[in-house]
Every structure is written in C-alpha cells, then in structure tokens.
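Chains S and W, in that order, are what the protein sequence lines are.
Letter by letter, the first sequence follows residues 67 to 461 of my numbering.
Letter by letter, the second sequence follows residues 22 to 269 of my numbering.
All residues carry an ideal CB built from backbone N, CA and C; glycine is no exception.
What follows is a single structure, written as structure tokens, with notes after it.
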Amino acid sequence: MISLAYRDVSNSFGRYLLTGIGLGLLIGVTLTMAGVFRGMVDDGKALLRSADADIWVVQQNTLGPFAEPSSLPDNIYRGILAIEGIRQATNVAYLTLEVGRGSHSVRVMLEGIDTQQNPLHLIAGRPVMRSHYELVADERSGFKIGDRIPIHRHDYEVVGLTRGMRSPSGDPILFLPLKDAQEIQFLKDNDALFRDRVQLKENPQLNPPGNPALLDAVEQQLFSNHRVNTVLIQLLPGANPRRVADDIEKWLRLTAYPKDEMEDILIGQLIAMASKQIGLFLVILTIVSAAIVALTIYSMTQTKLKEIAVLKLIGTRNGLISRMILLEAIGLGLVGFLTGKLAVTYWAPLFPKHIVLLPDDTLRALLITMIICVLASIAGIRAALRIPPGSAIGG
Amino acid sequence: MTKTHISEDTMKPAIRVENLSKTYGSGSSAVQALKNASMSVQPGEVVGLLGPSGSGKTTLLQCLGAIIDPSGGRITLGGDVLFENGWQYSDRRALRRDRIGFIFQRPYLIPFMDATENIAILPMLQGQTNKQAYSRAAELLDILDITERGSARIEELSGGEQQRVAIARALANRPPIILADEPTAPLDSHRAMSVMQLLHEMAEKLKTAIIVVTHDENIIPVFKRLYRIRDGVLHEETGEGRAFDALL
C-alpha cells in the first residue's frame with residue numbers, strides 16, 4: 067500500500083523540513099531552559115562536591131556562607147577539632163568579585179583554602195605550593211596557566227587549572243591560600259587605612275597620653291584579619307554527622323550543617339526562586355511549543371482537505387487517512403527534536419552560565435515531543451474525519 | 022463489504038433508479054430535492070444529466086454515489102439492489118471503492134502522488150497487491166495515451182493530462198458505473214469535446230455506464246440520451262447523439 071504520509075512529505079519536503087527546523091529551534095530553547103535549570107542545581111552541588119566536607123560550620127543562627135553572611139574567628143577550628151568524631155577541620159573564606167582578564171573582567175568566586183589540606187583535582191598545572199600570590203583557576207574562568215591576575219594590591223599567578231568548580235551562582239572558582247583570601251576580603255586600601263589611623267590617633271580614649279601601646283594594640287586588632295566564613299569538617303569513619311553537628315552547636319555556640327542539610331540550603335533555598343522561575347518558563351515554553359505543533363499540524367491538514375475528501379469518496383479508510391496525519395505529526399516531532407537537540411548541543415557552550423544536558427532530560431523531551439505531536443494530530447485527524455466525502459462533488 | 026441483499030437475475034442495466042426521492046429537513050422547513058426520480062443506464066452508455074443550479078443534480082449524484090441517504094425509492098447496480106428502504110450494504114465506503122467511479126469538476130488528483138500512483142491507489146485500496154495495482158495503472162495510462170507521463174508529478178501535468186489521469190482513476194476499479202460531475206466545466210470547448218469523446222470511448226471499450234452532469238451546452242449534442250432535472254423532477258429525453266468528428 068502506498069504510504070500517504072511519505073508521499074505527502076516527499077512532495078513538500080522543503081516546507082516540511084523548514085517547519086520541523088522551526089519547531090526544532092523552539093524545542094532547542096526549551097531544552098536549553100531545562101539545561102539552565104539543571105546547571106543551577108549542578109552548580110549548587112559542584113561546590114559541595116569540591117568542598118568534600120561532612121559538616122559545614124558557620125556563624126551561629128545563620129544559613130551561611132552562601133545563603134547568608136557568616137563570619138567565624140579563624141582559630142575556632144582548634145575547638146572544633148577537640149570534639150569527638152572529627153578527623154579534620156579546615157578554614158575556608160569565600161568572596162565573589164570581578165577580576166580583570168585582558169580588556170574584560172570576569173566574575174569569579176575566590177575560595178581561600180589551606181592548600182596543604184585541600185588537594186584539588188587538577189586538569190593542568192600544579193597545586194598552589196607557595197604561601198602567597200599563587201592560585202588555581204577553574205578553566206571556565208578563561209585564565210591560562212601563567213596568567214597574572216591583579217586582585218587588589220597584588221598580582222596572582224595561575225599555576226593550575228580545575229574543571230567544573232563553580233559557585234552556586236555559576237561563577238568559576240579561583241582557589242588561593244587562605245591568608246591571601248582573608249586579606250582580599252577584609253583588608254582595606256592604603257587611603258582608608260591612613261584615614262582610620264588619623265581618626266584613631268585623634269581619639270583620646272584610644273590614644274591616651276603616655277600609653278602608646280594601647281593605640282598599637284587597637285590598630286593591630288583593627289587592621290589585621292582573622293576571620294573566615296566557614297569551617298569544613300571531615301569526620302572519622304563511623305561518626306554520626308548529625309550528632310557531631312549537635313555537639314558543635316552545643317559546645318561552641320555555632321551552627322553546623324551536615325552535608326545533606328547544606329545541600330538543601332544551597333539547592334532548596336538559594337536557587338529555589340530562580341529554579342521556580344525557570345521551571346515556570348519551561349512549562350510556558352512547553353505549552354507554546356505544543357500549541358505551535360498543534361496549529362502547524364492542523365494547518366497542514368486544512369490545506370489538503372479537498373484531497374482528503376476525494377480520498378474518502380474513492381473509498382480510503384479513515385484509518386489510512388488518520389495514519390497519514392499521525393505519521394506526519396510524529397515525523398515533524400522527530401525532525402524538530404533532532405534539530406533542537408543538535409542546536410542545544412552546539413549553542414550550550416556559548417552560554418555564560420553552566421548548562422547541563424542530562425540524557426534523562428533528553429529522553430523526557432523526546433517523549434513529551436512525541437506525546438504533544440500525537441495529541442496535536444488529533445485536531446488534524448478530527449478535521450479530516452469531519453470533512454464529508456460529498457464535498458468533493460459540486461463547487 | 023457486507024452484502025445483505027442481492028437479487029434480480031434478469032438482464033440488467035448498469036444502474037437503475039426507481040422512484041428515488043430525497044427530502045432535506047422536516048416539517049414545514051422540509052425541502053424535497055428529488056421527487057420520484059427514475060432512470061436507467063445501460064453498460065457502455067453515456068447519458069447526460071442536465072439542469073439548472075439547485076435543480077437536484079448534485080443530490081441525485083450523491084444518492085447514486087452512496088454519499089447521502091435517499092429518503093425513498095430504489096437503486097439497483099448491475100442487478101444488485103443497493104438501496105431499498107435503506108442501504109443494503111453496511112460499508113458504503115467500500116461500495117464506492119469497489120463499484121463506483123467518480124470524476125469531478127476539477128481533476129482533484131492527490132498532489133503528493135505521481136500520475137501512476139493516483140491511479141494505482143484505488144486497486145490498492147481494494148486490497149490488490151502493489152504489482153497488480155501498478156499493472157492496472159499502466160494499462161489505463163496506455164489506454165488513455167499518457168503512458169509517458171506516468172511518473173510525472175501532478176503539477177507537471179497539463180490540465181488535459183490531469184483530467185485523463187482522473188478518468189483513469191475512475192476506471193481503475195473496473196466500476197460498472199461512473200458518475201461524472203461536470204467534468205468539462207473548467208475546459209475550453211475543444212478540450213471539453215475531447216474529454217467527452219474519451220469518455221464515450223472508454224464507456225464503449227470497457228462497457229462502463231457513465232452519467233455526466235453538465236451545464237455545458239456545447240457538449241449536449243453528443244448525448245444520445247439525456248435526463249433533465251428541474252425542481253427535483255427527472256425527465257428523459259432523446260439526444261442528438263452527434264458524431265464527434267462533426268463537432269471537433
């Protein structure tokens with residue numbers, strides 16, 4: 067038996083293909099939005115992965131260090147280490163800023179770490195070995211080994227590269243020694259220091275006559291930094307994260323989040339609003355795509371109603387006509403899906419934000435596209451079945 | 022196709038219509054489009070069906086083509102009663118496919134098939150193999166003298182060639198009757214006459230009865246017998262039956 071769908075598509079292949087490609091671009095946009103959503107979730111998890119901590123210790127009653135500001139003294143880790151079940155406690159400081167790259171600037175997150183205790187998975191170069199002015203950059207920042215990055219008062223040399231290290235906002239992370247990060251985060255510039263010193267000197271309570279040591283002590287306290295944002299804890303085998311976290315909260319008056327709770331904060335709270343926004347946009351895009359597919363298939367059927375009436379008049383079964391419309395709809399969906407998949411594969415790397423294309427999402431998109439096409443074809447099939455064969459006779 | 026009633030083994034016209042009526046609507050708004058129409062057409066005969074717009078031509082054609090339900094009367098096709106107190110065949114689509122040929126005002130060929138496929142689709146719908154269907158299409162293309170245009174797309178065919186393919190499609194299922202609805206309407210007089218000549222040749226050669234609905238005054242002289250319909254009433258007339266040589 068002649069395949070009506072094949073013949074119809076062959077006859078107007080160019081138009082059919084263009085329609086499919088147009089639909090595909092729409093599917094590509096939908097897939098991209100899904101990828102952006104997955105990317106946000108993955109960004110949230112990437113930091114957790116890179117930190118590799120069992121517990122996050124932050125300032126008391128805060129959701130820090132990302133959802134809320136958190137500041138801890140950098141010697142608190144000693145007290146933490148005294149609690150049972152803890153193998154290692156590491157100070158970490160985070161800050162987000164713009165750094166220069168050539169004539170442009172790039173937004174990055176600086177992560178100050180103890181470079182001896184936190185081995186990074188490098189894809190090139192070496193770890194930070196010196197105590198100052200070296201850093202390891204994520205490749206997405208665009209920096210290369212040997213680049214020198216001016217940050218505040220100093221230049222930092224890129225000595226190694228990592229992959230997939232991103233902040234919850236998707237910014238690439240630059241890893242540098244903790245002391246450097248503290249200095250960048252808290253230390254003031256020379257003019258500000260000068261003005262503060264003048265003010266301190268003019269204050270008779272802080273600079274009383276005959277006691278210069280008091281002013282020195284105040285300045286030292288004010289102009290040095292011994293704060294970090296969080297302490298990352300790794301537990302001994304068998305230790306219960308929740309129980310250890312409770313002990314930290316009880317004895318040190320801090321807040322401690324086991325890894326899964328920190329994941330909830332990062333994914334559930336920090337990006338919840340953005341992900342809801344994208345989710346809604348995704349739903350709207352899907353509905354728009356469905357409407358366009360339905361209209362396209364309906365229009366394709368409308369243009370050949372006379373031929374369909376003739377087919378019915380000469381005895382073509384409804385099933386054969388319905389099959390033609392259904393197959394054309396499915397074909398259109400397949401062309402659209404392949405175009406969309408191809409498009410998103412090529413354009414995803416061009417996006418500044420991290421886009422994650424999961425095979426499951428791709429399969430889901432294929433399934434949804436097919437369901438939409440089948441449902442959309444119903445409108446066309448109904449129109450075709452409603453046309454009376456007698457309409458082929460007379461005017 | 023479920024045949025529930027077959028009878029009449031007397032010699033048969035290709036189609037016989039007796040007291041056929043069709044009423045649209047009911048009560049005070051009822052319109053009687055056909056009033057006790059009777060006609061018969063012999064195998065190989067071409068008869069004309071004439072009448073002004075709204076006279077009931079299309080209604081009669083649709084009744085004969087098993088497209089709409091007559092309100093009463095009887096239709097017999099080659100001895101088989103098709104309609105009498107309702108259709109005697111449950112699958113009227115199959116009835117049309119297997120026993121009736123249609124030619125329309127315009128060719129209405131399926132644009133996404135080539136000429137051969139437009140003809141072969143009918144035998145295929147009947148369940149014949151592709152080989153049988155294409156063989157039948159080739160045979161008809163040959164009879165209609167357009168063999169070399171068999172693989173042409175419809176848009177590549179001239180108007181005359183398209184009408185020939187349409188005629189071939191109507192003949193593809195070897196129907197005892199062809200219903201032609203103003204087949205010469207869009208054609209100039211010369212081509213209209215050529216189509217009528219072709220229909221006469223096919224009717225004679227294949228022993229197919231053809232009812233031609235027409236408004237075209239130029240082709241009326243070719244009919245030996247014709248029916249005029251006015252306000253749903255059918256009258257038989259004797260035509261001139263002039264030779265095509267004299268008209269072309």
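**Report entry** DSSP state of W/Ala-35 mapped onto helix, strand, coil
**Finding:** On the second sequence, residue 35 of chain W is found 14 positions in, with the first residue counted as 1. DSSP places W/Ala-35 in coil when its eight states are reduced to three.
Query raised in the report: Smallest Cα separation from W/Arg-127: which of W/Leu-98, W/Ile-188, W/Ile-241, W/Ala-54?
Result: Locating residue 127 of chain W in the second sequence gives position 106, counting from the first residue. Comparing Cα-Cα distances from W/Arg-127 to each of W/Leu-98, W/Ile-188, W/Ile-241, W/Ala-54, the minimum goes to W/Ile-188.
Query - Segments of 3+ residues assigned as beta strand (DSSP E) that fall wholly inside the segment 327-403 of chain S - result: none
Query - Cβ neighbours of W/Asp-30 in the same chain (closer than 6 Å, five flanking residues each side left out) - result: The sequence position of residue 30 of chain W within the second sequence is 9, counting from 1. Its pLDDT being 44, under 50, W/Asp-30 is placed unreliably in this model, and the coordinates cannot settle the point.
Requested in this report: Can you tell me which of S/Arg-173, S/Pro-303, S/Gly-178 puts its alpha carbon nearest to the alpha carbon of S/His-292?
Outcome: Translated into the one-based positions of the first sequence, residue 292 of chain S becomes position 226. The shortest Cα separation from S/His-292 among S/Arg-173, S/Pro-303, S/Gly-178 belongs to S/Gly-178.
Query - S/Met-339 versus S/Pro-455: straight-line alpha-carbon distance, rounded - result: The residue labelled residue 339 of chain S in the question sits at position 273 within the first sequence. The residue labelled residue 455 of chain S in the question sits at position 389 within the first sequence. Their backbone Cα atoms lie some 55 Å apart in a straight line.
Query raised in the report: Exposed or buried, which one is S/Ser-514 when buried takes at least 16 other CB atoms within 10 Å?
Result: Residue 514 of chain S is absent from the model: chain S starts at 67 and stops at 461.
Query raised in the report: In three-state terms, what does DSSP make of S/Pro-238?
Result: Here the question's residue 238 of chain S lines up with position 172 in the first sequence. Of the three classes helix, strand and coil, the one that applies to S/Pro-238 here is strand, per DSSP.
Requested in this report: State the beta-bridge partners of S/Arg-293 as determined by DSSP.
Outcome: One-based indexing of the first sequence puts residue 293 of chain S at position 227. The partner list for S/Arg-293 (beta bridge, DSSP) reads S/Pro-139.
Report task. Helix, strand or coil for S/Ser-457, going by three-state DSSP, please let me know. Result -> The residue you call residue 457 of chain S lines up with position 391 of the first sequence. Here S/Ser-457 sits in helix by DSSP.
Report task. Give a yes or no on contact between the segment 107-118 of chain W and the segment 168-184 of chain W, applying the rule of three or more CB pairs nearer than 8 Å. Result -> no
Query - Assigned exposure category for W/Tyr-45 - 16 Cβ within 10 Å defines buried - result: Taking the second sequence and counting its residues from 1, one reaches residue 45 of chain W at position 24. Classification for W/Tyr-45: exposed.
Report task. With DSSP as the reference, label S/Val-158 as helix, strand or coil. Result -> The residue labelled residue 158 of chain S in the question sits at position 92 within the first sequence. Residue state, collapsed to three classes: strand.
Requested in this report: In the DSSP assignment, find the unbroken alpha helix (DSSP H) run with S/Val-107 in it and report its ends.
Outcome: Counted from its first residue, the first sequence places residue 107 of chain S at position 41. Taken as a continuous stretch (DSSP letters only), the alpha helix (DSSP H) holding S/Val-107 covers 79-117.
Query raised in the report: Shorter than 8 Å from the beta carbon of S/Ser-388 to some beta carbon of chain W?
Result: Here residue 388 of chain S corresponds to residue number 322 of the first sequence, with the count starting at 1. No, S/Ser-388 lies away from the interface with chain W (no Cβ there is under 8 Å from its Cβ).
Requested in this report: In the DSSP assignment, find the alpha helix (DSSP H) that holds S/Pro-425 and state where it starts and stops.
Outcome: The count along the first sequence starts at 1 and reaches residue 425 of chain S at position 359. 425-452 is the extent of the alpha helix (DSSP H) around S/Pro-425.
Query raised in the report: Quick one: Cα of S/Val-202 to Cα of S/Thr-228, how far?
Result: For the purposes of this step, residue 202 of chain S is taken as the residue at position 136 of the first sequence. For the purposes of this step, residue 228 of chain S is taken as the residue at position 162 of the first sequence. Computed Cα separation, rounded: 7 Å.
Query - Beta carbon of S/Ala-431 nearer than 8 Å to that of S/Phe-403 - result: Along the first sequence, one-based indexing puts residue 431 of chain S at 365. Along the first sequence, one-based indexing puts residue 403 of chain S at 337. Closer than 8 Å, so yes.
Query raised in the report: Within 8 Å (strictly less), CB to CB, does S/Arg-21 reach chain W?
Result: Beyond the ends of chain S as shown, which are 67 and 461, falls residue 21 of chain S; an answer cannot be given.
Query raised in the report: W/Arg-185 and W/Ile-199 look like a contact to me (Cβ under 8 Å); what is the Cβ gap, rounded to whole Å?
Result: On the second sequence, position 164 is the one that residue 185 of chain W refers to. On the second sequence, position 178 is the one that residue 199 of chain W refers to. That belief does not hold up - the Cβ atoms of W/Arg-185 and W/Ile-199 are roughly 14 Å apart, past 8 Å.
Requested in this report: Answer with yes or no whether the minimum CB distance from W/Phe-133 to chain S is below 8 Å.
Outcome: The residue labelled residue 133 of chain W in the question sits at position 112 within the second sequence. Output row for W/Phe-133: interface = yes.
Query raised in the report: Among S/Asp-213, S/Val-172, S/Glu-249, which one has its Cα closest to the Cα of S/Ser-197?
Result: In the first sequence, the residue the question calls residue 197 of chain S occupies position 131. Comparing Cα positions, the closest option is S/Glu-249.
Query raised in the report: Just how far apart, CA to CA, sit W/Lys-43 and W/Ala-87?
Result: By one-based count along the second sequence, residue 43 of chain W stands at place 22. By one-based count along the second sequence, residue 87 of chain W stands at place 66. Spanning the two alpha carbons is a distance of roughly 13 Å.
Report task. With a threshold of 16 other CB atoms inside 10 Å of the CB of S/Pro-270, please say whether the residue is buried or exposed. Result -> What you label residue 270 of chain S is simply residue 204 of the first sequence in a count that begins at 1. With fewer than 16 Cβ atoms within 10 Å of its Cβ, S/Pro-270 is classed as exposed.
Query raised in the report: With a cut-off of 8 Å, does the C-beta of S/Gly-456 fall near any C-beta of chain W?
Result: Here residue 456 of chain S corresponds to residue number 390 of the first sequence, with the count starting at 1. Yes, S/Gly-456 counts as interfacial toward chain W.
Query raised in the report: W/Gln-109 touches chain S at which residues, Cβ-Cβ below 7 Å?
Result: Start at 1 with the first residue of the second sequence, and residue 109 of chain W comes out as number 88. Those within 7 Å of W/Gln-109 in chain S number zero; the least Cβ separation is about 17 Å.
**Report entry** Assumed close pair W/Ile-36, W/Ala-230 - CB separation to whole angstroms, cut-off 8 Å
**Finding:** For this step, residue 36 of chain W is matched to residue 15 along the second sequence. For this step, residue 230 of chain W is matched to residue 209 along the second sequence. Confirmed, about 6 Å.
Report task. Hey, could you find the ends of the alpha helix (DSSP H) S/Thr-228 is sitting in? Result -> Taking the first residue of the first sequence as position 1, residue 228 of chain S is located at position 162. No alpha helix (DSSP H) contains S/Thr-228, which is instead part of the beta strand (DSSP E) from 220-228.
Query - Boundaries of the alpha helix (DSSP H) in which W/Val-216 is found, first to last residue - result: The residue labelled residue 216 of chain W in the question sits at position 195 within the second sequence. That run of the alpha helix (DSSP H) goes 210-227.
Requested in this report: Return yes when the Cβ of S/Ala-357 is within less than 8 Å of the Cβ of S/Gly-94, no when it is not.
Outcome: Reading the first sequence from its first residue, position 28 is the one you call residue 94 of chain S. Reading the first sequence from its first residue, position 291 is the one you call residue 357 of chain S. The answer is no: Cβ separation not under 8 Å.
Requested in this report: Counting only the same chain and skipping the five closest in sequence on each side, list residues whose C-beta sits under 7 Å from that of S/Leu-393.
Outcome: Here the question's residue 393 of chain S lines up with position 327 in the first sequence. The answer, listed in chain order, is Ala-71.
Query - Given 8 Å, three or more beta-carbon pairs between the segment 323-340 of chain S and the segment 125-139 of chain S - result: yes
Query - 8 Å Cβ cutoff, W/Ile-293 in contact with chain S - result: In this structure chain W extends from 22 to 269, so residue 293 of chain W is not present and cannot be described.
Query raised in the report: Given a threshold of 16 other Cβ atoms within 10 Å of its Cβ, counted over all protein chains shown, does S/Lys-267 qualify as buried or as exposed?
Result: By one-based count along the first sequence, residue 267 of chain S stands at place 201. Result: exposed.
Query raised in the report: For S/Trp-317, which residues of its own chain have a beta-carbon under 6 Å away from its beta-carbon, when the five flanking residues on both sides are left out?
Result: The residue given as residue 317 of chain S occupies position 251 in the first sequence. No residues qualify anywhere along the chain.
Query raised in the report: Any Cβ of chain S within less than 8 Å of the Cβ of W/Arg-118?
Result: What you label residue 118 of chain W is simply residue 97 of the second sequence in a count that begins at 1. Yes - at least one Cβ of chain S is within 8 Å of the one on W/Arg-118.
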